[in-house]
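Chains as they are written, first to last, in the numbering used here: chain A, 1 to 115; chain B, 1 to 114. We treat Cβ as the ideally placed atom computed from N, Cα and C, and that holds for glycine.
This is how it looks when you write it as structure tokens:
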């Protein structure tokens, strides 16, 4: 058990809809990272928050957004969903800002299926 | 169900043998490297890490070797067990404020034959 909790485990919805994925980091970790894993793209970094502030952005679509709350949990919001958004979405956390020498620990992901 | 792509390179070994999984990384400025193990239906699980000022690091049954000259990383698993069957990813981090995210390799599937 990594200590990172993601909910829900599975989500099935339709095109055009909006969903919210939730992540609770490991106790004491201040950084939260979101990744997308699809069959043909591998693990792709989306966005990082550190202590409530956005710190780095990767290949995140404009239809997607995230935030980190004062209790350090994070939410990833996906809107105007398309079939291609079907994937596994992982959250990871680390103690510091992610500048290196600290591994990120991953949750077990949310599997999003768009019908 | 499957968590990752079905067309990954696959390494098949016999139980008890040693396994070596290789990874070529992309950025010569990367200074921190991690190996992750991903089992079906699970998230990537941290195995071992190494900083660029080291060539070798050992853990329990695992050893990571780093060759910066050719930008190559390897994971050695001693006495491979059926529970080691999974997809293994290497990841690199530049440690630069503008590049905090991990960049993952495409993964290798390890199959352990009993």
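Three-way DSSP call (helix, strand, coil) for residue i in this model
i              : result
residue 16(A)  : coil
residue 4(A)   : coil
residue 49(B)  : strand
residue 18(B)  : coil
residue 12(B)  : strand
residue 36(B)  : strand
residue 115(A) : coil
residue 58(B)  : strand
Cβ-Cβ distance between residue i and residue j below 9 Å
i              : j              : result
residue 83(B)  : residue 109(A) : no
residue 65(A)  : residue 45(B)  : no
residue 40(B)  : residue 77(B)  : no
residue 79(A)  : residue 29(A)  : no
residue 62(B)  : residue 35(B)  : yes
residue 174(A) : residue 13(A)  : With chain A covering 1 to 115 only, the question about residue 174(A) has no answer from this structure.
Candidates the options, of which the one nearest residue i by Cα
i              : options                         : result
residue 105(B) : 61(B), 111(B), 27(B) and 16(B)  : 27(B)
residue 62(A)  : 24(A), 85(A), 42(A) and 52(A)   : 85(A)
residue 8(A)   : 90(A), 52(A) and 102(A)         : 90(A)
residue 31(B)  : 107(A), 37(A), 101(A) and 43(A) : 101(A)
residue 32(A)  : 113(A), 111(A) and 106(A)       : 106(A)
Residue i, enclosing beta strand (DSSP E) - first and last residue
i             : result
residue 90(A) : 87 to 94
residue 61(A) : Counting along the chain, residue 61(A) falls outside any beta strand (DSSP E), and DSSP gives it neither H nor E.
Within chain C, partners of residue i - CB distance below 7 Å
i             : result
residue 42(B) : Here chain C cannot be found, since the structure's protein chains are A and B.
Minimum length 3: unbroken beta strand (DSSP E) runs contained in the stretch 66 to 98 of chain B: 72 to 77 and 86 to 93
Sequence ranges, beta strand (DSSP E) only - wholly within the stretch 25 to 84 of chain A, length at least 3: 31 to 38, 42 to 50, 53 to 57, 64 to 68 and 74 to 78
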